[in-house]
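Worksheet: one structure, shown below.
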Amino acid sequence: MTDWLGPAEWQAVALSLRVSFWATLVSLPLGIAVAYALARWSFPGKQLVNGIVHLPLILPPVVTGYVLLLTLGTQGPVGGILADWGIVLAFRWTGAAVAAAVMAFPLMVRAIRLSIEAIDPKLEQASATLGAPPVWVFLTVTLPMALPGIIAGTILAFAKAMGEFGATITFVSNIPGQTRTIPSAIYAFLQVPGGEGAAMKLVIVSVVVAMGALLLSELLARRVAARVGGA
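Here UniProt numbering is used: the first residue of the sequence shown is 1, the next is one more, and so on.
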């Protein structure tokens, strides 16, 4: 792989993997919590929360990136506070991870929510009637049975983060070695004469990663579902 890809292409691949890994890892606990709340709870403003969660799927990615820049930039209401603490997200790889997480979050939540909704509530109620507290019911009944959806949502979110472009380039720009992920590198290579070959290599890497993620998601979800069903 290192012989086939040049230093610039390999740098973009490595950064994309880093960004996608942290974007997925950090957003997973929140994704499970939000998915559970939307699947099991009834509360005022539930549809509003659901709409906000799925908004990145509807809005143009550039708009999402611009909102992130206004909010988390060094002059933004949240970014300014973080900057005082020495945390800068705009034009940093960490900002790219935030943008990727925001764009991938709806896919993660939707997969996990559907998995939780497919669980018979009577199983959770039976555990509760035996004296188990809600947290224990969630950890021992809901979470194991929702594991196929959690795995699917996690892998799909990782693949989405790998392919994120619009929000990322708007929020953190396209800085080689710092914020230039695979999509940004493809765009940059296509802007210079003779860059088509390098761009095509990264396109192939993107297709392989995306297809691999989809197949892995399906395989793992089926295996876990079979184990849970047979337990």
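Just so it is clear, CB atoms sit at the ideal spot from N, CA and C, and this is done for glycine as well.
Reduced DSSP category for residue i - H, G, I as helix; E, B as strand; rest coil
i: A14; result: helix
i: R40; result: helix
i: T179; result: coil
i: L89; result: coil
i: P7; result: helix
i: T168; result: helix
i: Q47; result: helix
i: A161; result: helix
i: V192; result: coil
i: V205; result: helix
i: A146; result: coil
i: T24; result: helix
i: L73; result: Per the sequence presented here, residue 73 reads as Gly, with Leu not at that position. If DSSP states are grouped into helix, strand and coil, G73 belongs with coil.
i: residue 238; result: Since the first residue of the chain shown is 1 and the last is 231, residue 238 is not available in this structure.
i: P61; result: helix
i: S173; result: coil
Same chain, Cβ closer than 6 angstroms to residue i, five either side skipped, listed in chain order
i: G95; result: L89, F171 and V172
i: A83; result: T74
i: residue 242; result: No statement about residue 242 is possible, as the shown extent of the chain runs from 1 to 231 and does not include it.
i: A199; result: I186, F189 and L190
i: L59; result: none
i: A157; result: T24, A104, L107 and M108
CA nearest to the CA of residue i, picked from the options
i: N50; options: P56, S42, F43 and L38; result: L38
i: L55; options: P77, L107, W22 and L17; result: L107
i: L17; options: I169, S217 and A159; result: A159
i: S127; options: T142, I204 and L5; result: T142
i: L69; options: L214, A167, P193 and V203; result: A167
i: L114; options: S27, V205, L28 and Y36; result: Y36
i: A146; options: P7, D120 and G6; result: D120
i: P148; options: V19, V192 and I116; result: I116
i: V209; options: G194, G197 and P183; result: P183
i: E9; options: T181, V137 and G131; result: T181
Neighbourhood of residue i by C-beta, 8 angstroms cutoff - its chain only, sequence neighbours within 5 removed
i: G177; result: Q11 and L15
i: I151; result: S217, L220, A221 and V224
i: W4; result: K201
i: R92; result: V172, Q178 and T179
i: L72; result: V78, G79, L82, L89, A90, G95, V98 and F171
i: L123; result: V141 and M145
i: G65; result: A99, G166, A167, T168, I169, T170 and F171
i: M211; result: none
Chain-order list of residues whose beta-carbon lies under 7 angstroms from that of residue i (same chain, five-residue window excluded)
i: L57; result: P106
i: A226; result: none
i: G31; result: F105, M108, V109, I112 and G153
i: V34; result: V53 and V109
Which ranges does the alpha helix (DSSP H) cover as unbroken runs of at least 4 residues, wholly within the segment 116 to 142, from first to last along the chain? As far as the segment 116 to 142 is concerned, its whole alpha helix (DSSP H) runs of at least 4 residues are 121 to 129 and 134 to 137.
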